[in-house]
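A short write-up of the structure that comes next.
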Amino acid sequence: MVVFHDNIDRFNDNVDARDKGSDVFASPVSGPIDPPDMTDTTPSGKTDLSDIPDPYYLNKTNFQNTPDEVKRLLGKGFFTPYECSGFDCSEMAAYIEWKLECHNVTAQIATKDNWAGGYGHAWVIVPLRGGKHLAIESTVSAMEGSLGAEMITYDPEYFVYDHLFEDIYEASEFFGACEWDWWNKLKLG
Ligand SMILES: [Ca+2]
């Protein structure tokens, strides 16, 4: 539990520290970590949502659905390095969707099965005031030496997706919580 909170704090280190006091997060279900069965992303048929911490979405300082406010929330990006099939695009997208929603910014998780080279991809879409949208490519800041890289994009390819999930529950119903469980994969050091 302590380690988990430490991880959350560390994750948010680049963000306004005034929010730290409200990082009350229920402990994830304890027990063995899910076996790394990430090569197959097809739904298993049975959906277990009990792995999602409850409560999941927290009430933090309100931000607005504007590019500037989203940028403030994103900060410099991820300190936790990208790890294929461990902490990758889906965990990052889920984390960003969680963070934005906790600050009252509506966000959705988009996925595409055949993004590039046949790989699946996940990212975040934020509806803005006035009907426009921005997309967040969460992986760009996690590559070595790219901390602070611009994650917000308006590239049209980010608005073509196979699925658009409103929240972690919808995304987990479809792909299983293990695809999104950033809360299990934050590492110290
Ligand atoms: Ca959402």
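Using the numbering used here, the first residue of the sequence shown is number 856, and each one after it goes up by one. All C-beta atoms in this analysis are idealised placements derived from N, C-alpha and C, irrespective of residue type, glycine included. Here the structure is a predicted model, which means the values were calculated and not measured.
- Taking the Cβ of ASP1022 as the reference point, at least one heavy atom of ligand 1 falls within a distance shorter than 7 Å.
- Between TYR911 and TRP953, the C-beta gap is smaller than 8 Å, which places the two residues in contact.
- Beta-bridge partners of ALA990 (DSSP): ILE980 and THR1008.
- The C-alpha of SER1027 lies about 16 Å from the C-alpha of ASP943.
- Apart from the 5 residues on each side of it in sequence, LEU904 sits with its Cβ closer than 8 Å to the Cβ of TYR1024, SER1027, GLU1028 and ALA1032 in its chain, given in chain order.
- Taking C-beta separations shorter than 7 Å and ignoring five residues to either side along the sequence, the partners of ILE964 in its chain run ALA948, ALA949, GLU952, ALA977, VAL979, PHE1020 and ALA1026, following chain order.
- Under the three-state reduction of DSSP, ASP968 is assigned to strand.
- Within the same chain, Cβ atoms closer than 8 Å to the Cβ of ARG984 are found at GLN919, ASN920 and THR921, the five residues on either side in sequence being excluded.
- Between ligand 1 and the CB of GLN963, the shortest heavy atom gap is smaller than 7 Å.
- With a threshold of 7 Å, the Cβ atom of GLU946 does not count as near ligand 1, since no heavy atom of the ligand is closer than that.
- Counting every other CB atom within 10 Å of its CB across the protein chains shown gives TYR1016 a total of 16 or more, marking it as buried.
- Distance from the CA of VAL981 to the CA of GLU1012, rounded to the nearest whole angstrom, comes to 15 Å.
- THR1008 and ALA990 have their alpha carbons spaced roughly 5 Å apart.
- Across the set LEU928, ASP909, ILE907 and ASP923, the C-alpha of LEU928 shows the shortest separation from the C-alpha of LYS915.
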